[in-house]
Structures are given as structure tokens and as C-alpha cells.
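The structure appears below as C-alpha cells.
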Amino acid sequence: MPKLPKLPAPPLPAPLQEPPPRPGEGNGKAGPLDAAAEAGITVVDWIDERTSLSGAARWMMFRKVPKGTNWFYTLGSATMFAFLNQAVTGVFLAMYYRPEPSGGAYESVRYITNQVFLGQFVRGMHKWGSSVMVVLVFLHMGRTFFFGAYKYPRELNWVIGVVLLILTMTMAFTGYLLPFDQRAFWATTVGVNINGTGPLLGPYLSDFLLGGAEFNATTLSRFYAIHMLLVPGLIAALIGAHLYLVAKLGTTAPPWQKAHKRVELRETEV
Amino acid sequence: MRCAQAPPRCRRRADSRLDIVCRSVPDKRAKNTSKYTLDRGIPGAFEGETVTRRRFMTGSAHAAGAIATSAFALPALGFAIGPVFKSTPHHWEVVGTTDQFPDNNYVPVVLTLVANLGEAGKTTVYMRKFNPEIDTDRYDLHTPYIAISDRCVHLGCPVRWVDASERFICPCHGGVYDIVGKRVSGPPVRPLDRFYTRVNGEKVEVGPRFSVNSQLRHFSPRLPGEPVDGIGQYLYPSTPGAKL
Chain H
1 MPKLPKLPAP PLPAPLQEPP PRPGEGNGKA GPLDAAAEAG ITVVDWIDER
51 TSLSGAARWM MFRKVPKGTN WFYTLGSATM FAFLNQAVTG VFLAMYYRPE
101 PSGGAYESVR YITNQVFLGQ FVRGMHKWGS SVMVVLVFLH MGRTFFFGAY
151 KYPRELNWVI GVVLLILTMT MAFTGYLLPF DQRAFWATTV GVNINGTGPL
201 LGPYLSDFLL GGAEFNATTL SRFYAIHMLL VPGLIAALIG AHLYLVAKLG
251 TTAPPWQKAH KRVELRETEV
Chain V
271 MRCAQAPPRC RRRADSRLDI VCRSVPDKRA KNTSKYTLDR GIPGAFEGET
321 VTRRRFMTGS AHAAGAIATS AFALPALGFA IGPVFKSTPH HWEVVGTTDQ
371 FPDNNYVPVV LTLVANLGEA GKTTVYMRKF NPEIDTDRYD LHTPYIAISD
421 RCVHLGCPVR WVDASERFIC PCHGGVYDIV GKRVSGPPVR PLDRFYTRVN
471 GEKVEVGPRF SVNSQLRHFS PRLPGEPVDG IGQYLYPSTP GAKL
């Protein structure tokens with residue numbers, strides 16, 4: 001059925017209409033809601049006058065997107081929110097976690113899981129969120145690849161994305177040791193030894209990761225520092241660069257989107 | 271930084287480099303003799319100045335920034351990678367008495383590699399007495415006791431001695447070794463590591479670790495996954511921390 005144009009609503013008869021507010025009566029007076037709105041605007045204006053942030057916010061938020069933009073384009077934001085989830089839950093897990101290899105680490109994780117209010121939930125968010133983030137990173141990468149969104153002029157954004165992928169894997173690798181149970185210990189042993197199979201530099205890389213030739217007292221705190229201080233800062237900074245380039249260069253249309261066909265000019269006899 | 275001498279005229283110049291410069295510029299600028307300030311139109315530059323004050327200031331600011339950055343970055347970097355170049359002193363640990371170990375079967379003992387680390391600092395070593403009927407390899411080290419590390423040389427999982435099949439078997443990726451620790455099947459790249467042993471009175475002591483190649487020739491300890499046969503011993507050097 002073809003869509004019919006909607007008719008405008010008929011005007012209300014005069015007796016049913018609300019009388020317009022008279023000057024000095026009602027509309028000049030601000031209610032508490034208006035006052036609150038006004039206060040908010042004042043604060044935002046105060047900041048904006050001193051920083052000109054609204055221009056940047058408008059530049060970032062109100063961008064033109066190509067026709068055909070679809071749900072696949074949300075995978076990048078989804079990855080970023082997975083990272084934010086990891087950052088927030090990780091900060092709060094750090095309030096209870098102790099990187100002590102002689103038993104304290106395992107006990108503190110057990111304490112978080114069994115004793116702390118919502119501890120199991122927050123730890124679960126962090127544990128499962130890490131897998132979610134890795135999966136989302138790959139889906140986002142696949143979207144970029146199959147839509148051809150890595151091509152000129154977006155190559156640098158692809159490169160930054162690959163570095164972010166490596167850093168995400170580093171986070172997953174270093175975080176795996178922290179519960180310090182049997183699985184964590186042996187998985188890290190295997191992972192470090194895989195690094196060691198690189199020729200020439202491999203043995204030194206292994207020693208760097210372990211902080212010595214054997215798994216020792218500083219290995220856990222080394223992994224902990226890399227996991228919660230070094231790599232998250234790098235990831236946050238690179239996400240900033242990644243987003244800046246997205247806003248600067250714009251997004252691509254999906255490959256099946258056809259360009260608008262130009263209407264041919266026709267010569268006609270007059 | 272002025273030229274000590276007054277700039278000579280172009281025609282009289284013998285210096286070939288300056289001559290070329292001189293010829294390429296118009297006459298009225300020819301009195302400028304510096305290759306840095308020449309033909310740049312930098313305001314405030316003296317003639318003959320090799321480095322302008324602006325350039326000098328920029329360079330100084332960059333240098334100061336570089337010094338300040340390396341002042342905290344280099345010590346921090348050294349702090350992080352220092353352990354790679356630090357060697358650990360080895361020690362001898364008493365694991366039992368001489369009558370405790372047969373010469374045709376293995377007895378597991380637990381060795382403390384790193385102190386105060388709980389379970390993570392311990393490792394299992396399979397011990398037996400040296401047996402001339404089993405240990406027949408030419409390069410075999412004639413230690414009084416054979417101490418075989420349970421660290422699989424594929425990727426470091428713990429192997430266990432299975433008495434019935436007389437094999438060391440790794441649970442992770444299916445590495446199998448025979449009674450002297452040589453690879454029988456699976457992904458391992460060399461025989462199982464060993465430890466030096468010595469007898470002190472009635473007590474058997476276990477010392478530092480060493481790696482062996484497929485002929486049981488001994489090498490400085492390598493990490494799992496690193497072959498020591500042929501070119502492997504050069505591609506995978508023993509790190510200072512692991513060296514004896």
C-alpha cells in the first residue's frame with residue numbers, strides 16, 4: 001500500500017484552546033525546573049567560554065556519515081566500551097588484589113570471589129569482559145577489512161588498530177597470570193616459553209618477561225605492573241588517536257553502496 | 271659567532287665550495303659568507319653568523335628536553351631490563367641419601383629453585399643412580415646420579431615418569447621421552463634437561479641445571495622450545511641469568 005501524505009491536524013476550537021500567557025504573568029516567571037536548566041546552562045557556558053570545548057564536541061559528535069551506515073559500524077564503539085568496562089572493573093579489583101606470589105595473590109582472588117560484596121560479579125565482569133573485548137576487536141578488524149575501510153587515506157588508522165590489537169593481546173596474556181592458580185601459572189610458563197622460541201632475541205625476551213631466568217618473586221608484580229599501569233595507558237592514548245582519525249577522515253560507505261548516478265543533461269529543441 | 275676575518279670579495283675567493291655558493295646568489299647578498307644564514311632572509315642574523323641565535327635557542331631547548339627525558343626514561347628502562355643481564359648464583363641442595371635411589375627406576379624429589387616463592391619456586395626432579403647399562407652415550411656426563419628435570423623442553427609443562435611404559439610423558443602437547451630423557455615422539459626439540467649431582471658423604475646433592483643435545487652432550491641451560499643441535503645452539507644463546 002502506498003504511503004499517503006498525512007493531513008495536518010485540524011485546529012482546536014477557540015474555547016478549548018489555552019489562552020496565551022499574558023505579559024508579566026506566568027511565562028516571565030521561572031519555575032524550579034527552569035532555574036535548574038538555567039543553572040546547568042550557566043555552568044556549561046562558563047566552561048565553554050574558557051575552553052571552547054563545545055566546538056570540539058560538535059566536531060566530534062555531529063559528523064556526516066555515509067549512506068548505508070549500519071550496525072556493523074558500532075563494533076568499534078562496542079570494543080571501546082568493553083575496554084572501559086575492563087578499566088573500571090580493573091581499578092576496583094585492584095583495591096582488593098595483592099600481587100604476592102607466595103600465596104597472597106591466590107588468597108586475595110579467592111577473597112574477592114567469596115567474601116567481597118559483589119566481588120564475584122565484578123571479577124566475572126573483568127574476566128568475561130576480557131574475552132568479549134578480544135572477540136570484539138577481531139570483529140571490528142574484520143568489518144574494517146571486508147568493507148575496505150583500511151584503504152587510503154585510512155592506512156594509519158589500520159596501523160594504530162593493529163598496535164591496539166597487540167596491546168589487547170598483551171593485556172589478555174599478562175592478566176591471565178594474576179589469579180595465580182595452577183592454570184594461570186602453567187599457561188604463563190607456556191606463553192613465556194613460546195616467546196623464547198624466537199631466534200636470537202627470544203631467550204632475552206623470555207628473561208625480560210620473567211624478570212630473570214626462572215619464574216621468580218618479581219615475575220608476578222612485573223606482570224601486574226604491565227597489566228594495570230603500562231599497557232592500559234598506551235591503549236587509552238592510542239584509542240584517542242584512533243578516534244581522532246575517525247572523526248578527521250570520516251567513515252566509509254559499505255562496499256555495496258552505489259554512488260549517486262548523475263542526471264544526464266539532455267539537449268532539447270525549443 | 272662572527273667570522274674572524276672580513277669576508278673577501280667573490281672574485282678573489284679560492285675556496286671552491288664558497289665560490290659555488292657565491293656564484294649562485296645575486297651580488298648584493300654576496301657579502302654574506304655563512305652557508306647557514308646566507309640567502310635565508312632571517313631577520314637579525316649577523317653576516318657570517320654560522321648559527322643564528324634563534325637556531326641556537328631552539329637547539330638548546332630541544333637538547334634540554336632530551337636530557338630531561340632521558341634523565342628519567344633511561345634509568346627506568348635499565349631498571350626494567352636489568353634482570354636480563356643479572357646472573358643468579360647456583361646452589362647445591364641435599365635431596366636424599368645414597369641408598370634412596372635405584373639404578374633402574376626414577377624417584378621424584380622436589381627441588382627449590384627460587385626461595386620464598388611457595389609452590390611456584392619448586393620443581394620436580396627425577397633421580398636414579400648412574401647405570402652403565404642404560405647410560406651408554408658417548409657424550410654422557412658421568413655424574414654419580416642422573417637427575418632429570420620434569421620441565422618439558424617443548425614449552426615447559428611438567429612431565430611425569432610413567433613406570434609401566436618407561437617413558438616421560440608430557441600432558442600438554444604429547445611429548446614423550448625415553449628413560450635417559452631423549453625424545454621418542456611429539457614436539458620436543460631436545461632431550462630433557464638435567465641437573466649436576468654430587469655425593470657428599472651419605473648425602474646426595476643436586477646442583478645447577480644444564481641442557482643436553484640429542485647425543486647427551488651438555489650445554490649451558492636453555493629455555494624450553496630451544497634446540498641445541500647444529501645451528502640451534504647459536505640461534506638460542508643461553509642468557510646471562512641462566513648461565514652457570
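First to last, the protein sequences are chains H and V. For the first sequence, this note's numbering gives the first residue as 1, with consecutive numbering after it. For the second sequence, this note's numbering gives the first residue as 271, with consecutive numbering after it. Ideal Cβ placement from N, Cα and C applies to all residues, glycine included. Given the structure is predicted, the values throughout are model-derived calculations rather than measurements.
Query, Result
"Taking the alpha-carbon of V/Phe400 as reference, which of V/Thr368, V/Gly426, V/Val380 has the nearest alpha-carbon?", "V/Thr368"
"Report the three-state DSSP secondary structure of H/Lys3 (helix, strand or coil).", "coil"
"Beta-carbon within less than 6 Å of V/Val291's beta-carbon, same chain only, minus the 5 sequence neighbours each way: which residues are those?", "Confidence is the limiting factor: at V/Val291 the pLDDT is only 46, short of 50, which leaves the residue's position unreliable and the question unanswerable from this model."
"Please give me, in chain order, every unbroken run of the beta strand (DSSP E) with length at least 3 that falls completely inside the segment 325-404 of chain V.", "363-367, 377-382, 392-399"
"Where does V/Ile501 fall in DSSP's three states?", "coil"
"Given that H/Tyr204 touches chain V, what residues does it touch there, using C-beta distances under 7 Å?", "Val354, Thr509"
"Should H/Asn216 be labelled buried (16 or more other beta-carbon atoms within 10 Å of its own) or exposed?", "buried"
"Are H/Leu75 and H/Leu139 touching if we call contact CB-CB under 7 Å?", "yes"
"Express the C-alpha separation of H/Met95 and H/Gly175 in angstroms, rounding to a whole number.", "16 Å"
"For H/Ala217, go through chain V and note every residue whose CB falls closer than 7 Å to its CB, in chain order.", "Val384, Asn386, Leu387"
"In angstroms with no decimal places, state the Cα-to-Cα distance between V/Val321 and V/Gly335.", "20 Å"
"For a test of the three-state rule: what should DSSP assign to V/Pro414, helix, strand or coil?", "coil"
"Using a Cβ-Cβ distance cut-off of 7 Å, determine whether V/Ala331 contacts chain H.", "no"
"Is it buried or exposed, V/Asn375, if we count other Cβ atoms within 10 angstroms and call 16 or more buried?", "exposed"
"Kindly indicate if chain V contains any beta-carbon less than 7 Å away from that of H/Ser221.", "no"
"Taking the continuous alpha helix (DSSP H) assigned at H/Tyr244, which residues delimit it?", "231-249"
"With a threshold of 7 Å between beta carbons, is H/Ala213 in contact with chain V?", "yes"
"On the DSSP bridge assignment, give the partners of H/Lys127 in chain order.", "DSSP lists no partner for H/Lys127."
"Have a look at the DSSP bridge pairing and note the partners of V/His488.", "V/Val482"
"Sort out for me which residues DSSP pairs H/Phe223 with in a bridge.", "According to DSSP, which records beta bridges pairwise, H/Phe223 is partnered with nothing at all."
"Note down, in chain order, every chain H residue with its Cβ under 7 Å from the Cβ of V/Leu505.", "Pro199, Leu200"
"Who pairs with V/Pro428 in a beta bridge, going by DSSP?", "V/Arg421"
"Can you give the Cα-Cα distance for H/Met125 and H/Ile194, rounded to whole angstroms?", "29 Å"
"Quick check: what's the CA-CA separation for H/Tyr224 versus H/Pro66?", "43 Å"
"Does H/Asn193 get closer than 7 Å to chain V when you measure Cβ to Cβ?", "yes"
"Could you confirm whether any beta carbon from chain V is found closer than 7 Å to the beta carbon of H/Asp181?", "no"
"Determine the direct distance from the alpha carbon of V/Val474 to that of H/Phe180, and round the result to whole angstroms.", "33 Å"
"By a C-beta neighbour count over all protein chains shown, 10 Å radius and 16 as the cutoff for buried, is H/Ile239 buried or exposed?", "buried"
"Check the Cβ-Cβ distances between V/Leu493 and every residue of chain H, and say whether any is below 7 Å.", "yes"
"Could you tell me which of H/Gly90, H/Thr168, H/Pro101 sits nearest to H/Val135, measuring between CA atoms?", "H/Thr168"
"Kindly list, in the order they appear in chain H, the residues whose Cβ is closer than 7 Å to that of V/Ile351.", "Phe208"
"For the beta strand (DSSP E) holding V/Val469, just list the boundary residues, first then last.", "464-470"
"For the alpha helix (DSSP H) containing V/Ile449, name the first residue and the last one.", "First-last for V/Ile449: undefined, no H or E at that position."
"Hey, is H/Phe173's beta-carbon within less than 7 Å of any beta-carbon in chain V?", "no"
"Mind checking the segment 467-499 of chain V against chain H and listing, in chain order, the residues whose C-beta falls within less than 8 Å of any C-beta there?", "Pro491, Arg492, Leu493, Pro494, Gly495, Glu496"
"Identify whether H/Val44 lies in helix, strand or coil by the three-state DSSP scheme.", "helix"
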